[in-house]
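In case it helps, the UniProt record's numbering puts the sequence shown at residues 1 to 54. No residue lacks a Cβ here, since even glycine has one placed at the ideal position from N, Cα and C. Here the structure comes first, spelled out in structure tokens, and everything after it is commentary.
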Amino acid sequence: MTNATETTRKVGRPKERTDARQKLLTHARELFVVMPYDKVSTRLIAQKAGVNIA
């Protein structure tokens with residue numbers, strides 16, 4: 001049984017805290033500076049940031 005005061009995490013989420021959000025934002029800004037807006041994809045941003053696309 002789990003304790004009601006425990007914080008629950010969604011299935012598939014990593015147990016440890018990651019800085020993926022910050023990595024994505026940083027790399028997205030960098031890509032938008034050097035590439036046209038319509039050429040930057042979420043897949044490309046994730047690849048450059050080194051995080052899982054899912």
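With distances taken from CA atoms, which of the options is nearest residue i?
{"i": "Ala46", "options": "Thr8, Ala28, Lys10 and Val34", "result": "Ala28"}
{"i": "Val40", "options": "Ala54, Leu24 and Val11", "result": "Leu24"}
{"i": "Leu31", "options": "Gln22, Leu44, Ala54 and Ala20", "result": "Leu44"}
{"i": "Thr42", "options": "Ile53, Val34 and Met35", "result": "Ile53"}
Assign residue i to buried or exposed, taking buried as 16 or more other Cβ atoms, counted over all protein chains shown, within 10 Å of its Cβ.
{"i": "Ala49", "result": "buried"}
Which two residues bound the contiguous alpha helix (DSSP H) that contains residue i?
{"i": "Lys48", "result": "Thr42 to Ala49"}
{"i": "Val34", "result": "Ala20 to Val34"}
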